[in-house]
Amino acid sequence: MLDRPTTLKDYQTYIDGTWCNAASGKKFQTFDPYTGEPWALIPECDARDVDRACEAAYRAFDTGPWPAMTQTARGRLLRRIAGLIEKHAEHLAEVEVRDNGKLISEMLAQLKYLPEWYYYYGGLADKIHGQVVPVDRPDIFGYTLKEPVGVCAFITPWNSPLMLVGWKLAPALAAGCTAVIKPSEFTTASLLEFIKLVIEPAELPRGVVNVVSGYGAVVGEPLVTHPKVAKVAFTGGTVTGARVNELAAKSFKKVSLELGGKSPNIVFDDCVLDDAVAGAISGIFAATGQTCIAGSRLLLQDTIHEPFVEKLIAMARTAKLGDPGLVETQVGPVTTPPQYQKILSYIDIAKAEGARCVLGGGPAPKEEGGGKYFVKPTIFTGVNNRMRIAQEEVFGPVLSVIKFRDEEEAVAIANDIAYGLGAGVWTQSVRRATTMARRIRAGTVWVNTYRAVSFLMPFGGYKASGIGRENGAEAVEAYLQTKSVWINNAPGGGNPFVMRTATS
Ligand code: TXE
Numbered sequence: 363m364l365d366r367p368t369t370l371k372d373y374q375t376y377i378d379g380t381w382c383n384a385a386s387g388k389k390f391q392t393f394d395p396y397t398g399e400p401w402a403l404i405p406e407c408d409a410r411d412v413d414r415a416c417e418a419a420y421r422a423f424d425t426g427p428w429p430a431m432t433q434t435a436r437g438r439l440l441r442r443i444a445g446l447i448e449k450h451a452e453h454l455a456e457v458e459v460r461d462n463g464k465l466i467s468e469m470l471a472q473l474k475y476l477p478e479w480y481y482y483y484g485g486l487a488d489k490i491h492g493q494v495v496p497v498d499r500p501d502i503f504g505y506t507l508k509e510p511v512g513v514c515a516f517i518t519p520w521n522s523p524l525m526l527v528g529w530k531l532a533p534a535l536a537a538g539c540t541a542v543i544k545p546s547e548f549t550t551a552s553l554l555e556f557i558k559l560v561i562e563p564a565e566l567p568r569g570v571v572n573v574v575s576g577y578g579a580v581v582g583e584p585l586v587t588h589p590k591v592a593k594v595a596f597t598g599g600t601v602t603g604a605r606v607n608e609l610a611a612k613s614f615k616k617v618s619l620e621l622g623g624k625s626p627n628i629v630f631d632d633c634v635l636d637d638a639v640a641g642a643i644s645g646i647f648a649a650t651g652q653t654c655i656a657g658s659r660l661l662l663q664d665t666i667h668e669p670f671v672e673k674l675i676a677m678a679r680t681a682k683l684g685d686p687g688l689v690e691t692q693v694g695p696v697t698t699p700p701q702y703q704k705i706l707s708y709i710d711i712a713k714a715e716g717a718r719c720v721l722g723g724g725p726a727p728k729e730e731g732g733g734k735y736f737v738k739p740t741i742f743t744g745v746n747n748r749m750r751i752a753q754e755e756v757f758g759p760v761l762s763v764i765k766f767r768d769e770e771e772a773v774a775i776a777n778d779i780a781y782g783l784g785a786g787v788w789t790q791s792v793r794r795a796t797t798m799a800r801r802i803r804a805g806t807v808w809v810n811t812y813r814a815v816s817f818l819m820p821f822g823g824y825k826a827s828g829i830g831r832e833n834g835a836e837a838v839e840a841y842l843q844t845k846s847v848w849i850n851n852a853p854g855g856g857n858p859f860v861m862r863t864a865t866s
């Protein structure tokens, strides 16, 4: 059972190695989505705090102990961070549940897995290096250096706060960058606890990690446009991502974006039916559907449509709604009031479009285990892929079931979408699995599983689902730039008015 003290916890933010209030002196309340009550106060930063944080991060990047540290020492520091997360995983998970209302079982699993990111990139830190290049001139010794890009701005959402910070912070620190993090205004507390319990005791040099808490545009836009920021890594919605991309482009910042999705979960009639039913459930009702990789379009082969839907409804009906702080709860509240309204409005849209609601279809009242921000697990059948309920991201427990005839039609429907984040394929045929994996335009394809992630596996989107990849060895490249060094070992110079090529 989650401890829910009734007195408001009062947080400060963390800039330049110091706990402080916002320049405005203002604070805003953060809410527990389960009780609907405020539980903590968060500093309301603005452009002044952003400026202070970016200047501090730049100083830490440019001078002092951080740039002087060997890559091996940086790796050791990252591993120390990992060990401290292990020590505090339970507390951090509980704070996340208090702030975003996701299940304790889900948040604890994330926090217990999170150290792996810091161990992995800690191990990678001293394997980052350039190359000697055999330049096509005998007197030149040529080589490349891999250098950190500089100050990184991280803008993160409310659904998996510390995990999504980790996907950015661990490779950035391994590369030698410094960071200014703007968490979602709905879920700031776990990041501030992470600073207190992990970053401070790990003894990172002052200014290497900074936090600017506050509202989206007020803090996010000055951060993205700040002249000392070299790189922006953002996870959030497509509309905000487009704005961030546009602002960052004006000053040529490097950008990576992890945006939304409308992922197809495709079930063929040669699947193991019970596995696929469980996979469909985990794709849409886990995390109350508030996940970028939600399998929100269930594509069912027409030959198994009826028995599959029957089993699906039977299993979804048993989902236990309730307090996200209890381990037995399976579906918790929606995290934010705007998100709750958005989900309900999409249910209305689907009904108006003529989709058939076969389960749920509205708020879940207290008598059914729900409460203020609960939505019933909802299934629509008879969905046409051109309907808005099939094309737009709902980010809630709402599933659209779409029929298909054969492989060709499944591919066509799967790819007929602006997004390309994930996809599921359920089949026992190796030929079909590999063909589908090749033909689906998405950053991840799961076969006979769904919603699996790892620090080792690249993650990111095709099309409107984003730019760049997080996780895996290639993620560190997003925080590096290459410098080419030419050393001439020959006397004299040739014609100074002609470019030095192999032939001049
Ligand atoms: O996200 P926003 P919201 C999708 C999902 C959801 C929709 C809106 O469909 O319904 O986005 O959710 C900061 N400049 N995802 O409004 O706005 C904001 O403070 C700079 C998918 O909560 O994208 C927060 O820190 N920053 C997703 C972060 O952007 C700005 C997870 C994300 O918020 C800003 C969340 C601005 N102008 C929502 N405006 C995923 N990919 O997992 C806001 N922000």
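Every letter in the sequence shown is one number past the one before it in the working numbering, and letter 11, counting from 1, is 373.
For glycine and all other residues, C-beta sits at the position ideal for the given N, C-alpha and C.
As the structure is a computational prediction, the values presented were derived from the model and not from experiment.
Strand pairing of residue i, partner residues [DSSP]
i	result
Phe393	Pro400
Ala541	Cys514 and Val571
Pro405	Lys389
Pro496	For Pro496, which the question treats as bridged, DSSP gives no partner whatsoever.
Thr843	Inspection of the sequence shows that residue 843 is occupied by Gln rather than by Thr. DSSP, once it has assigned bridges, lists Glu509 as partnering Gln843.
Thr806	Gly784
Cys719	Phe742
Ile377	Thr380
First and last residue of the uninterrupted alpha helix (DSSP H) at residue i
i	result
His696	Per the sequence presented here, residue 696 reads as Val, with His not at that position. Per DSSP, Val696 belongs to no alpha helix (DSSP H) and is neither H nor E.
Leu454	Gln433 to Asn462
Cys382	Not the alpha helix (DSSP H): Cys382 falls in the beta strand (DSSP E), residues Thr380 to Cys382.
Thr892	Outside the shown range of the chain (363 to 866) lies residue 892, about which nothing can therefore be said.
Asn607	Thr600 to Lys612
Glu620	It is not in any alpha helix (DSSP H) - Glu620 instead sits in the beta strand (DSSP E) that spans Lys616 to Glu620.
Ala752	Arg750 to Gln753
Pro477	Pro477 to Leu486
Ile775	Glu769 to Asn777
Residue i versus residue j - alpha carbon distance
i	j	result
Glu690	Gly445	28 Å
His450	Met749	45 Å
Arg862	Lys508	24 Å
Ala640	Cys633	12 Å
Pro853	Thr844	28 Å
Leu559	Ile764	47 Å
Arg421	Tyr841	18 Å
Thr602	Thr650	22 Å
Val327	Lys615	This structure leaves residue 327 out entirely; the chain is present only between 363 and 866.
Ser791	Asn627	16 Å
Leu683	Gly538	44 Å
Ile561	Ile517	18 Å
Ser827	Leu465	25 Å
Val574	Ala418	12 Å
Ile751	Ser762	7 Å
Ser846	Thr375	40 Å
Tyr483	Val513	18 Å
Leu526	Ile557	15 Å
Val594	Tyr824	19 Å
Cβ distance (whole Å) where residue i is taken to contact residue j below 8 Å
i	j	result
Gly694	Tyr812	19 Å between Cβ atoms; not a contact.
Ala541	Val580	About 19 Å separates the two Cβ atoms, so there is no contact after all.
Ser546	Pro519	5 Å
Ile829	Ser618	6 Å
Tyr481	Asp685	In fact, because the Cβ distance is near 33 Å, the residues do not count as touching under 8 Å.
Ala678	Phe647	6 Å
Trp479	Phe821	Actually they are not in contact, since the Cβ atoms of Trp479 and Phe821 sit about 12 Å apart, beyond 8 Å.
Asp488	Gly437	5 Å
Thr392	Ala402	5 Å
Arg794	Glu769	7 Å
Run of the beta strand (DSSP E) containing residue i, from where it starts to where it stops
i	result
Gln663	Arg659 to Gln663
Ile741	Thr740 to Thr743
Gly645	Segment Leu635 to Ile646 is the alpha helix (DSSP H) holding Gly645; no beta strand (DSSP E) there.
Leu585	Element bounds for Leu585: not the beta strand (DSSP E) but the alpha helix (DSSP H), Gly578 to Thr587.
Ser762	Val760 to Phe766
Ile628	Pro626 to Val629
Are the region 493-502 and the region 723-736 touching by the rule of at least three beta carbon pairs closer than 8 Å?
Short answer: they don't touch.
For the region 546-566 and the region 453-462, state whether three or more C-beta atom pairs, one from each stretch, are separated by less than 8 Å.
The answer is yes - the region 453-462 touches the region 546-566, with three or more Cβ pairs under 8 Å.
For the region 608-624 against the region 765-784, do three or more pairs of beta-carbon atoms, one drawn from each stretch, fall closer than 8 Å, so that the two count as touching?
Verdict: yes, contact present.
Could you tell me whether the region 662-680 touches the region 701-717, where touching means 3 or more Cβ pairs closer than 8 Å?
No, the region 662-680 does not touch the region 701-717.
Does the region 798-807 come into contact with the region 751-763, if we say contact requires no fewer than three beta-carbon pairs (one atom in each stretch) closer than 8 Å?
When C-beta atoms of the region 798-807 are compared with those of the region 751-763, fewer than three pairs fall below 8 Å, so the two segments do not count as touching.
Looking at C-beta atoms only, is the number of pairs between the region 437-444 and the region 401-408 that lie closer than 8 Å three or more?
The region 437-444, when compared against the region 401-408, does not touch it at the 8 Å Cβ threshold.
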